[in-house]
Every structure is written in C-alpha cells, then in structure tokens.
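Residues 1 to 767 (full-length UniProt numbering) make up the sequence shown, in order. The beta-carbon is built from N, C-alpha and C at its ideal position, and this holds for glycine as well. Only a predicted model underlies this, so the values are computations on that prediction, with no experimental measurement involved. Data first, discussion second: the structure below is written as structure tokens.
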Amino acid sequence: MSSILTTNDNSPSRRRARPRFSQRLCTDTRPTTSGTDIASQEVVGAISESRGISPTVGLAFVNLSTSEAVLCQICDSNSYARTINKLAVFEPTELLFMNTASARQTMLYDTIQNNIPDLIISSIDRRYWSDRASQEYVDKLAFPEELESIRVLKYIELQLDMTFTFHSLRIKFEASQGSMMIDLSTAASLELIQNLQKAKSRDCLFGLLNETQTPMGSRLLRTNILQPPTEQEKIAARYDAVEELSTKEDMFYAIREALKNFIDADKVLTSACATGNYELIKNAIDETLNDDVVYQRKPLDLRNQRTYAVKTGVNSLLDVARQAYKESNADAAELVSVLSERHNLTLELKYDTARSYYISLSAFELEGALPDEFINVIKRRDRIECQTLDLVKLNQRIADSHHEVISMSDQAVQELLEKICEGVPSLFRISEAIATLDMLSAFAHLVTIQEYVRPEITDVLAIKSGRHPLHEKILKDKFVPNDTYASQQSRFQIITGSTVDEINASVSTFAGEMREISYILRNVDGRSLVIVDELGRGTSTTDGLAIAIAIAEALVDSHAFVWFATHFRDLACIMAERSGVINLSLAVKLSHESSKMTMLYKIQEGHVQEKFYGLALAKVLPFPPQVLEVAQQVSTHLYRIAEDRAISSKVLGASRKRNLVLQLREQLLQAHNGNIDGEDLRQWLKRLQDDFAVRMAALEAGDDMSPVEDGVLDDGKNEEHFTVGQAQDAKSDKDSFEPVEEFDRTMPAESVDLVSQEDAEEQMWDI
C-alpha cells in the first residue's frame with residue numbers, strides 16, 4: 001500500500017438507470033437532523049476540459065437538496081489527480097460531459113471511468129454548454145452578489161424536471177489552492193470515510209470524529225477530512241476556537257445543547273442568529289404571518305391553520321373571505337345544535353377530509369329509526385354517522401370560502417417569499433457559520449474524551465507517543481504508541497521489521513503497487529507526505545529490491561517527508577549513506593527458553609539484521625538443531641565479510657561523518673531558534689555534545705553505532721531505547737523529547753541561510 005498527501009498551492013454515452021430525483025426542493029415532512037446520510041445528497045456535476053499541453057479542467061456541482069452550486073477550475077496534470085480528488089469530495093450522482101464525437105475518446109473520460117467505475121456519466125447536447133445561455137441562467141437564479149458562470153442548470157430543468165426560484169441558488173467558486181490533495185487510494189487505505197471491511201461501520205476516521213449534531217456540520221466535517229485546509233492562519237484560528245470551547249465548560253455545553261434541536265438549515269434556511277439582514281427577514285415574517293402558526297396534524301386543525309396563517313389587515317379582500325368562512329362554520333355548529341334539541345339526541349359535529357362536516361351520535365342512544373331528514377347514514381360499531389341536506393349545502397359554502405381564503409393567503413405568502421429572497425444569502429452564511437461551529441464543538445468534545453493535544457505548526461514534524469485514532473479505539477490497551485520525528489536531515493525514514501501480525505495481511509499485487517507508486521512519483525513535491533508499505537512483495541526479490549531502490553532515490557530527491565516500510569534489508573544498507581535518510585526498525589523480543597517471539601511494535605533506531613531476525617525466528621520454531629547450526633555458521637561468516645568491506649571503505653566513513661555533522665548543525669539551529677534557555681538549554685547542549693563525540697569517535701574507530709543491536713530485544717536484557725534525530729537519548733520521562741513543552745524545534749525557512757554540505761562541515765568543526 002502506498003499513500004501520498006500533497007498540498008495544493010498552485011457518441012451515446014454509457015447510461016444506467018438514473019436515480020430518482022426529488023421534484024420539489026421543499027416538502028411537508030420535517031427533514032432529518034444529525035442522522036442525515038452524506039450519501040443521500042443529490043448532486044449533479046458537469047465537467048469540461050480546455051485544450052492545451054497542461055490541461056485545465058472546469059467543474060460545476062449543483063446540490064439539489066441544498067440549492068448550492070460550486071464551481072472549480074483546476075490546472076491539472078495528465079493523470080488528472082486533482083480532478084479525481086475533487087470528484088471524490090463532492091460524490092456526484094451523475095456527471096455530465098459534452099456530447100461530441102471525441103468526448104468518449106479523451107484521456108479525461110477514461111481516467112474518470114477507471115477510477116470511479118460506479119459513477120453515472122451522461123452526455124448532453126452541445127447547446128447546453130453555451131456561455132451566453134449559462135450566463136442568462138445564472139443572472140436569473142443566483143444571488144446577485146454571487147453571480148458566476150455555470151453550465152448544468154439547463155440540463156437540470158429539462159431532464160430532471162426541476163426549477164429553482166429566481167435568485168435562490170447559492171453559487172460559489174472553490175479554488176484548489178489552500179487545501180491538501182488526498183488521492184482515492186490513500187483515502188480508502190487510511191479508511192478516512194469508509195471502513196474497508198464493513199461499509200456501514202463507524203470504524204473509520206469520519207465515524208470516529210463525527211460528533212456533530214447537525215447535517216450541515218457533518219457534511220462540512222466530511223469535506224475537511226477529504227480536503228483539509230493548509231492555510232496556517234485558518235488552521236491556527238480553528239485551534240484557538242477548539243481550545244476555547246474545551247476550556248470554557250459553560251459555553252461548550254450551551255452550544256452543544258443549542259445545536260441539538262437544529263434541523264438542516266441548508267434545506268429550510270431557519271436559524272436563530274441575529275444579524276441586520278436577519279432582522280429585516282424576521283420583521284417581514286412577523287408582519288405577514290401569525291405568531292401561533294404551527295404545523296397541525298388533524299384535518300380540521302390543518303384547514304384552520306392554513307386559513308388563519310396570514311395576519312388580519314394584510315389583505316382586505318382576504319379578511320372579507322375569512323369572515324365568510326368563519327360565519328359558515330358557525331352556521332354548521334348552530335345547525336347541529338338545533339337538530340339535537342329537535343330530536344332530543346346527543347349529536348356531535350365531526351370533520352374529515354372526504355365528507356367535510358358530518359353528524360355523529362351513539363347507536364345505543366337511538367330508539368327506533370333515524371328521522372327522514374338524516375341522509376348519507378353510515379354505521380360504525382357503536383356509532384352512527386350521517387348528514388342532512390342543509391349540512392351538505394353548508395359544507396359547499398364553507399369549501400368555496402376556504403378555497404378563496406387559501407388563494408389569497410398563498411398570494412400574500414408568495415409576496416413574503418419574494419421579499420425574504422433578498423436576505424437569503426445572509427441566511428446561507430448563517431447556516432455555514434452554524435456548520436463550522438458544530439464541527440469545532442465536535443472537535444472540542446473529542447479533545448476532552450480522547451486526550452488529544454494541540455500541535456504547533458513548524459517545518460519539523462515531531463510527535464511524542466503518537467497514537468493511531470482508529471487502531472487505538474479497536475485495540476484499546478494493546479495499542480503501542482510511537483514517537484515520530486522528521487526534518488530535512490531525516491526526511492526519508494526506512495522502517496524494517498514486522499508491522500503486522502500476519503505476513504499475508506500486507507501483501508498486494510505488483511500491478512496495484514506500481515499504479516499507486518506511479519501516481520506518487522508524478523505528484524510528489526517538497527510539501528508532500530508519503531507513506532510506502534512493503535513495496536515489491538508482489539514480485540521477485542531481485543526485481544523488487546531494484547525497483548524499491550530506484551523509487552527511494554526519487555523520493556529522497558523530492559525532499560518530501562517519507563516513511564518507507566520494507567522487508568528489504570539491503571535497501572536500508574544502501575540508502576543509509578544518503579543525506580536525509582535514517583534507518584528505523586520495530587523491536588522484537590525473543591525468548592529462547594519459552595520458544596516465543598513477541599512483536600513489540602516499538603520504533604527504535606537502526607535497521608533489523610536478517611541474521612537475527614530470520615535465524616532467531618527459526619530458533620523459536622521446531623527446526624532441526626543441525627540445520628540451525630550450519631545456517632548460523634554460514635550467516636556469521638557472510639556478515640563478517642560484508643561488515644569488513646563496509647568498515648574498510650573510506651568513502652563510506654566520510655559520508656557517515658558528513659551526515660552526522662549535518663544533523664548536528666540542524667539541531668544547533670533549532671536550539672538557536674527555539675524557546676528554551678538557561679539550565680535546560682545547557683543540559684540539552686551537553687547531552688548533544690556528548691552524543692556527537694561518542695558517535696564521531698565510533699566512526700573514527702570504524703564502528704557502526706546502533707542503540708539496540710540489530711533491532712532485537714533479548715529477554716528484556718536490553719532496555720527499551722529511543723533517540724530523536726540521532727541526537728538525544730531518552731533516559732527518563734523528563735529527559736524524553738517533548739516538542740511542545742520543552743523544546744521548540746521550529747526552523748523557519750526564511751530565517752536560515754542554507755549552505756552547502758562542505759561549508760556546513762567546516763562551520764561545525766569551527767564550533
């Protein structure tokens with residue numbers, strides 16, 4: 001498995017049955033809240049590519065559920081990696097191409113079809129892509145302050161039979177700069193949105209972080225996981241907000257409680273925030289609608305609610321029609337009262353949608369037959385339902401009055417909607433603010449229950465006792481935290497040793513490996529973070545090692561931060577002398593008495609030696625002793641020859657000295673730019689000096705210092721050991737590397753004059 005995280009700064013179509021789209025944007029049913037499924041969003045996308053050597057791709061997405069349109073323009077590579085990433089973020093239910101003879105023969109079409117095979121791709125006529133027609137649609141539908149060009153609206157109106165109210169569509173341009181690009185393979189392998197084994201399981205990063213309480217917040221969280229921001233000011237502002245929420249308990253609980261009752265504001269545009277525009281909208285609603293208008297369920301209550309929804313005085317003709325409706329209802333009640341007295345029966349006036357008003361009485365109270373004036377008689381167990389001719393006439397008069405009232409009420413409400421539309425953009429911004437607040441409060445909730453810490457943004461990556469959030473949740477007490485440190489002098493880290501309980505668990509096909517690596521090499525740069533896991537296991541040892549070395553060389557030259565887990569010991573030896581490369585391994589505890597080998601999963605410095613890792617494993621298995629004895633003799637002889645050759649190499653020794661000096665220079669620069677001083681700084685420099693002297697003396701003597709011999713802990717005789725950047729020994733918890741509290745390892749690029757390796761070595765010897 002290979003992953004890359006990169007910052008972005010810079011004929012008839014194949015058709016399947018289209019999913020049913022809603023014909024109305026508003027319904028009478030109350031939308032769901034936090035349980036809303038992201039996949040249920042109905043999104044139609046359109047894509048177009050300009051001609052040229054470096055392709056520029058235009059994308060438009062219209063969310064039919066939230067009346068939002070997003071426009072993107074991407075300067076992409078020939079692999080269309082950023083385009084595929086954007087499609088993965090928005091997950092359109094249907095993607096539109098221009099219907100031309102060559103549309104299905106383009107590399108863009110093939111790339112999308114290969115990477116997202118389940119996506120419905122449709123071709124639409126060329127006339128729908130007219131700039132003039134698109135501008136006309138935007139002028140009519142978009143908010144006046146958000147007018148941009150879009151080319152999918154005509155298709156939605158004609159093919160999906162949907163229309164948008166004038167100036168009701170939210171259109172925004174979303175640039176690719178300022179966000180991280182995570183390719184589809186990485187998102188799937190890291191289980192960012194979906195669990196690999198169980199699609200509906202919450203055991204993924206999104207499921208773990210999704211403590212949001214509104215659908216808007218959940219959608220925003222998903223977007224930020226797949227497309228995290230990279231602007232330092234924006235990230236710092238979020239950190240500040242999360243810190244404030246997590247430290248101010250009253251504010252946190254008040255916000256969480258208020259968010260519980262929020263429905264999907266993106267769909268209904270209702271909220272309780274006070275802004276200038278909102279006050280205008282609220283006043284317009286208060287002037288038109290009665291304060292006690294709420295949704296009713298009973299048929300008669302529902303009819304009366306619609307009849308009296310508009311306030312008296314808004315429309316004089318409406319007031320007259322409503323008075324006639326009221327008098328007709330009173331006449332019906334009076335009629336039933338007269339009939340009750342005339343026949344000495346207990347009669348009740350009832351209402352249903354089919355018959356309107358009718359009379360109900362108890363069957364036990366009636367002696368003999370009903371009087372002849374009662375018609376439409378229905379017997380229901382112990383009740384009798386009926387009407388009279390006068391009541392039928394009153395029902396018709398009431399219905400006529402009600403239809404007249406509803407017609408004029410709808411006209412008043414329509415005028416209100418047109419007035420409100422002028423302030424709808426502010427409501428959308430309020431909805432976006434609520435979504436952001438919801439996401440940040442969810443982060444604050446996680447901080448308090450998971451003991452997460454606030455990182456500092458620097459040019460050096462330093463993590464103390466880092467935990468994988470998903471594995472920690474699943475493994476609980478069995479999870480082993482590890483320290484991580486990466487700078488330009490340790491940017492390429494080769495990790496040897498067992499990383500999984502079952503060897504076959506990390507095996508992937510060679511073709512899949514090469515496809516992922518090819519994508520990484522095309523898109524990697526100095527601001528990327530790359531993780532490569534067991535490259536070359538799908539091919540022969542010789543070919544796999546050769547390919548791994550070539551790829552490792554390219555990744556070192558890219559200056560990206562790389563973690564390269566491998567079973568090739570020779571790769572660790574060959575790359576060890578390259579500037580910026582360090583070797584790490586996962587510790588193993590061997591017990592010869594109990595014939596047991598325990599994987600500790602603890603990162604330590606130095607690579608795993610095959611003579612211990614292979615033969616030691618064989619010793620704890622039921623191998624014949626004579627076989628193991630011969631294998632041990634041959635292995636010892638071969639490794640002694642290899643070590644003698646390495647030690648005798650003057651070039652090798654000079655390279656190791658140069659790397660050691662460069663590491664010292666970098667650590668001294670970090671100390672100079674850091675925030676520690678006094679006795680703490682003096683002690684740290686003393687440890688740094690002692691460590692440098694010991695390592696340099698070892699190199700002068702021709703020894704290759706390793707903190708734990710061959711990466712193997714034998715029955716606990718060797719103490720657990722950890723070093724940071726090959727410069728600091730962890731003697732106690734107090735002496736351990738603390739990136740935030742004890743030592744700021746920031747090295748701002750703008751404040752450091754870069755020099756050549758030779759000049760750096762001279763400067764270090766002067767120091």
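With distances taken Cα to Cα, identify the nearest neighbour of residue i among the options.
| i | options | result |
| --- | --- | --- |
| L437 | Y80, L685, R219 | R219 |
| M439 | I225, S201, F61, V70 | I225 |
| T93 | E68, M107, I121 | I121 |
| V405 | A88, N210, Q323, L184 | Q323 |
| L699 | A369, G653, T223, R682 | G653 |
| C72 | I47, L64, N63 | I47 |
| Y109 | Y80, I124, D525 | Y80 |
| E432 | S407, T214, L669, I74 | T214 |
| N261 | E348, T212, D250 | T212 |
| Q296 | T288, N290, R306 | R306 |
| D410 | F90, A88, R429, V314 | V314 |
| Q493 | A435, V532, V338 | V532 |
| S558 | A333, G526, E233 | G526 |
| T230 | K298, A631, S528, V627 | S528 |
| I124 | N114, M98, T111 | M98 |
| T448 | Y253, T83, Q113 | Y253 |
| S316 | M408, M696, S360, F90 | M408 |
| N344 | L370, Q683, Y351 | L370 |
| P228 | E243, F206, A241 | F206 |
| A309 | D292, Y325, V320, P299 | D292 |
| N85 | M180, T106, N675 | M180 |
| I359 | N395, K326, E367, Y325 | N395 |
Can you confirm whether residue i, when its beta carbon is compared against all beta carbons of chain C, has any partner nearer than 8 angstroms?
| i | result |
| --- | --- |
| D292 | No chain C is part of this structure, which consists of one protein chain only. |
If you follow the alpha helix (DSSP H) that residue i is in, where does it begin and where does it stop?
| i | result |
| --- | --- |
| F262 | That residue, F262, is in no alpha helix (DSSP H); it is neither H nor E in DSSP. |
| N115 | 107-115 |
| I676 | Where I676 is concerned, there is no enclosing alpha helix (DSSP H), given that its DSSP letter is neither H nor E. |
| Q305 | 299-307 |
| I90 | Note that residue 90 is Phe in the sequence shown here, rather than Ile. Looking at the DSSP string, the run of the alpha helix (DSSP H) that includes F90 is 81-90. |
| I213 | The sequence given here places Gln at residue 213; Ile does not occur at that position. Element bounds for Q213: n/a, residue is neither H nor E. |
| residue 771 | In the structure displayed, the chain extends from 1 to 767; residue 771 sits before or after that span and is not available. |
| T388 | Where T388 is concerned, there is no enclosing alpha helix (DSSP H), although the beta strand (DSSP E) it sits in stretches over 383-388. |
Could you pull the start and end residues of the beta strand (DSSP E) that residue i belongs to?
| i | result |
| --- | --- |
| I124 | 120-124 |
| N63 | 56-63 |
| V44 | 43-49 |
| S316 | Where S316 is concerned, there is no enclosing beta strand (DSSP E), although the alpha helix (DSSP H) it sits in stretches over 316-343. |
| F364 | Where F364 is concerned, there is no enclosing beta strand (DSSP E), given that its DSSP letter is neither H nor E. |
| D200 | One detail in the question is off: residue 200 reads as Lys in this sequence, not Asp. Careful: K200 lies outside any beta strand (DSSP E) and carries neither H nor E. |
| Q493 | 492-496 |
| I457 | Element bounds for I457: n/a, residue is neither H nor E. |
| S179 | 179-182 |
| Q73 | 68-75 |
| K473 | Premise fails: K473 lies in the alpha helix (DSSP H), 469-475, not in any beta strand (DSSP E). |
| A565 | 561-565 |
Are residue i and residue j touching if we call contact CB-CB under 8 angstroms?
| i | j | result |
| --- | --- | --- |
| G466 | D483 | yes |
| A412 | L318 | yes |
| L208 | K464 | no |
| residue 802 | A444 | The question about residue 802 has no answer here: the residues shown for the chain are numbered 1 through 767. |
| L470 | A284 | no |
| G217 | A442 | yes |
| Q387 | I398 | no |
| A550 | I495 | no |
| I457 | A236 | yes |
| Y239 | R454 | yes |
| L391 | L302 | no |
| L571 | A552 | yes |
| V556 | V530 | no |
| V480 | K602 | yes |
| L685 | A697 | no |
Quick one: measure Cβ to Cβ for residue i and residue j, integer angstroms, because I've assumed they're closer than 8 angstroms.
| i | j | result |
| --- | --- | --- |
| S401 | S356 | 12 angstroms between Cβ atoms; not a contact. |
| R656 | G580 | Incorrect: roughly 14 angstroms between the Cβ atoms, too far for contact. |
| I116 | L96 | In fact, because the Cβ distance is near 14 angstroms, the residues do not count as touching under 8 angstroms. |
| S50 | R522 | Contact doesn't hold; Cβ gap of about 20 angstroms is too wide. |
| A546 | V524 | Not quite, the Cβ-Cβ distance comes to about 20 angstroms (not below 8 angstroms), so this is no contact. |
Three or more C-beta pairs below 8 angstroms linking the region 197-212 and the region 58-78: no
At least three beta-carbon pairs within less than 8 angstroms, the region 481-494 to the region 658-667: yes
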